[in-house]
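Have a look at the structure below before the remarks.
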Amino acid sequence: MTAHALHGDTRSTALYDYPGPKARRRHFYYGILSTALILLLLGWLLYLLFDTEQFTAAKWSPFTYEGIQKLLLRGLGNTLKAFAYASVFSLLLGAVLAAGRLSVHRPLRWLATLCVEFFRAMPVLVMIFFIFVALKVQPLPALVAGLTLYNGSVLAEVFRTGINAVDGGQREAAYALGMRKTQVTTYVLAPQALRAMLPTIISQLVVALKDTSLGYLITYEEFLHAGKLIASNLDYDLPFIPVVMIISPIYIGMCMLLSWFATWVARYERHSLKTEAVTVAPAGEETVLPGR
Numbered sequence: 008m009t010a011h012a013l014h015g016d017t018r019s020t021a022l023y024d025y026p027g028p029k030a031r032r033r034h035f036y037y038g039i040l041s042t043a044l045i046l047l048l049l050g051w052l053l054y055l056l057f058d059t060e061q062f063t064a065a066k067w068s069p070f071t072y073e074g075i076q077k078l079l080l081r082g083l084g085n086t087l088k089a090f091a092y093a094s095v096f097s098l099l100l101g102a103v104l105a106a107g108r109l110s111v112h113r114p115l116r117w118l119a120t121l122c123v124e125f126f127r128a129m130p131v132l133v134m135i136f137f138i139f140v141a142l143k144v145q146p147l148p149a150l151v152a153g154l155t156l157y158n159g160s161v162l163a164e165v166f167r168t169g170i171n172a173v174d175g176g177q178r179e180a181a182y183a184l185g186m187r188k189t190q191v192t193t194y195v196l197a198p199q200a201l202r203a204m205l206p207t208i209i210s211q212l213v214v215a216l217k218d219t220s221l222g223y224l225i226t227y228e229e230f231l232h233a234g235k236l237i238a239s240n241l242d243y244d245l246p247f248i249p250v251v252m253i254i255s256p257i258y259i260g261m262c263m264l265l266s267w268f269a270t271w272v273a274r275y276e277r278h279s280l281k282t283e284a285v286t287v288a289p290a291g292e293e294t295v296l297p298g299r
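Sequential numbering of the sequence shown, starting at 8, is according to our numbering.
Structural data, given as structure tokens:
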């Protein structure tokens, strides 16, 4: 046991000890060096942008046109629509496949496992192209179907692992109360596993949001497709750079909003009356037990 643990330092864990003075000093120097390198990289990128005259009014004035703004807004709306459909269907498919993998019936468990392993291994772009070209599906359903099959299979493993990670005593106690397997999973295991799974679920939804950009390859008019269409009609050098400088922060902002939403939900769950610990008064001398 370390000296920090002997003195009640709660920052030490079973995996590592709290760093001492030399380690803290070394980490401080590492931080300064990393910050300097990042600032140098940003400065070099800004130099290249100014050197190639990317901030001139001629290259940014087209974005003040109403037609281009409407095209970007329509592309952003199509991206959000595809993401909304893919998120809902991925969560539903993940729950169904996870239930199949947790089933006591062997054929159902094998079928669910086969689906999960196949769609996790298959590249998203290949699935989207197959659905769009071979099955002759419209761009939006093809994009949503490809994203759903991949992300749903990944989320199925997240759900299954999270439920299996709940302490086994919870399951045994529920069975001792006479609950059926479906009730145990729905009312006991899943609510406890959800708080632990939430960051991973949101991370996978962020992946789904970014993968909606694959829609431009099948002519779906999403946000990246709108940016490509705008850049192809501009008549100056390197037209893609201003477009990327507009599209990228919006994508990053949407991903950050998802992360913020996950943090808010986790904080709400911690303070919820359903999950908050209840203080039980200690038994006194006059406490009467049932049946006495």
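Every residue gets a Cβ at the ideal spot worked out from N, C-alpha and C, and that includes glycine. Because the structure is a prediction, the values reported are computed rather than measured.
Is Gln76 near Ile248, with beta carbons less than 9 Å apart?
no
Is it true that the segment 257-275 meets the segment 212-219, where meeting means three or more beta-carbon pairs spaced less than 8 Å apart?
yes
Provide the residue span of the alpha helix (DSSP H) that contains Ser160, from first to last.
Pro146 to Asn171
Going along the chain, which residues of its own chain have a beta-carbon closer than 6 Å to the beta-carbon of Ser160, five neighbours each way excluded?
Val123, Phe126 and Arg127
Let me know the secondary structure DSSP gives Gln76 once reduced to three states.
helix
Would you call Val285 buried or exposed, if buried means 16 or more other Cβ atoms sit within 10 Å of its Cβ?
Below a pLDDT of 50, predicted positions are generally treated as unreliable, and Val285, at 45, falls in that range; no measurement from the model is reported.
Segment limits, alpha helix (DSSP H) that includes Ala119
Arg113 to Ala128
6 Å Cβ shell around Ala181 - same chain, five flanking residues per side excluded
Val191 and Val195
Comparing alpha-carbon positions, which option in Pro69, Thr120 and Arg187 lies nearest Arg167?
Thr120
Count the other CB atoms, across all protein chains shown, that sit within 10 Å of the CB of Asp174; report buried if there are 16 or more and exposed otherwise.
exposed
Would you grab the beta carbon distance between Ser239 and Leu231 for me? Rounded to a whole angstrom, and I think it's under 8 Å.
Actually they are not in contact, since the Cβ atoms of Ser239 and Leu231 sit about 12 Å apart, beyond 8 Å.
Below 9 Å between beta carbons: does that hold for Leu162 and Ser97?
yes
Nearest-angstrom Cα distance between Thr86 and Leu44?
35 Å
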